[in-house]
Structure formats: structure tokens, C-alpha cells
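With the numbering used here applied, the sequence shown covers 879 to 1027.
Here is the structure we will look at.
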Amino acid sequence: MEKPEFLKKYDLDILKIDDFLPNMPLSDHTNLHDLIEDHLILFLASTHCDLCEQTLEVIDKYTEMNHDLNIVVLLDSDPSSIGMLINHFKERAQFYLVPPHIMNKYLKMRFLPVGFAIDCNMKIVTTHSVQDMNSFQDLIEPLQLEIMR
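Listed below in C-alpha cells is the structure:
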């Protein structure tokens, strides 16, 4: 069923399931595709929003118990905050400082926080916000099924 005209103007051009992840530069020597192993769990977040803080807490809680995921967080933050997060998470997750306008340019980000589960072919298999362990599990479940094959 086609959307009514008055709702079409609210359609967002965002990355969706089955889209391929753009190869965004993260540093002089690293692009986003370089970080994909057999999967990638990618989060876009900020230290300036309460929902993003919840997402970071869920990532922390999950990675304390499970070290099996390749997690990358693109973070809108100040350098001192990202340094604290890198120090806290150690090898459990990678963090990159990325301003929102760059996230938007490459990843069509329209809101924070958002998570993406990406397979080895650079295809998005799930995407949504993560605010608790259940929503985190929903995000990674398609990858777990694929990895177990």
C-alpha cells in the first residue's frame, strides 16, 4: 500500500536492511570496511544524549559477559570522553571519534543512537536502536544464526 502524500515528506533516506555499508574513512589509514571480519556490530552514538548512554551501558554489560562480537562505536564526543571509553572497554569494543555531520554524510544517520549488524559481505542484516539486553540480542541474532552455520 502506498503512503498518503502528506506522509511521504517524512520518509527518511536512511540505511536499511539489505543495504550495503558504505566504506567511510575513519582515519588516515582505516576505513569502515577494514574493520569487518566475519561480521561487524556498528553503533552510532554520542556522549551528549541519555539514550546513547543507555546504549553504551548495554554494550558494556554485554561485552563484560561475551567477547565474541566485533563491535565498533562511532561516537560524537570530545577527545577526553572517548579516551575514557577506550580505556574502559579495552579490547571489547573499538571507538572512533566521528562528528554527526560526517556520520550523516556517509551513513545517512538521522538519529542517535542506532545499531547495525553487518555480515561478512558488508550487507546490513538488522538495524535499530539498542536500549536494553533484549534489543541488543535482537540486533545480533541474525548474525549469530549465520555464524553458527
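Note that CB positions come from ideal geometry on N, CA and C, so glycine has one too.
**Message:** I'd like to check one pair, F898 with G993: are the Cβ atoms closer than 8 Å?
**Reply:** If you number the sequence shown from 1, residue 993 lands on position 115. If you number the sequence shown from 1, residue 898 lands on position 20. The answer is no: Cβ separation not under 8 Å.
**Message:** So N948 and H917 are supposed to be a Cβ contact under 8 Å. How far apart are they, rounded?
**Reply:** Against the sequence shown, residue 948 aligns to sequence position 70. Against the sequence shown, residue 917 aligns to sequence position 39. The pair is a contact, with the Cβ atoms about 6 Å apart (cut-off 8 Å).
**Request:** Could you tell me which residues DSSP puts in a beta bridge with A995?
**Result:** Working through the sequence shown from its first residue, we reach residue 995 at position 117. For A995, which the question treats as bridged, DSSP gives the partners I919, T1004.
**Request:** Go to D954, then tell me how far its alpha helix (DSSP H) extends in each direction, as first and last residue.
**Result:** As a working note, residue 954 is residue 76 in the sequence shown. Taken as a continuous stretch (DSSP letters only), D954 belongs to no alpha helix (DSSP H), being part of the beta strand (DSSP E) at 949-954.
**Message:** Going residue by residue through the stretch 955-988, where are the continuous beta strand (DSSP E) segments of at least 3 residues, counting only ones entirely within it?
**Reply:** 972-975
**Request:** Go through its chain and collect everything with a Cβ distance to Q932's Cβ below 7 Å, but skip five positions before and after it.
**Result:** Here residue 932 is taken as the residue at index 54 of the sequence shown, counted from 1. So the qualifying residues of the chain are Q1009.
**Whole-angstrom distance between I895 and P957, CA atom to CA atom** = Locating residue 957 in the sequence shown gives position 79, counting from the first residue. Locating residue 895 in the sequence shown gives position 17, counting from the first residue. One C-alpha to the other measures close to 32 Å.
**Message:** If you reduce the DSSP assignment to three classes, tell me which class P882 lands in.
**Reply:** As a first step, residue 882 is located in the sequence shown; it is residue number 4 there, counting from the start. The answer is coil: DSSP assigns P882 none of H, G, I, E or B.
**Message:** When you compare the CB positions of L953 and V976, do they come within less than 8 Å of one another, or not?
**Reply:** Along the sequence shown, one-based indexing puts residue 953 at 75. Along the sequence shown, one-based indexing puts residue 976 at 98. Cβ distance < 8 Å, so L953 and V976 count as in contact.
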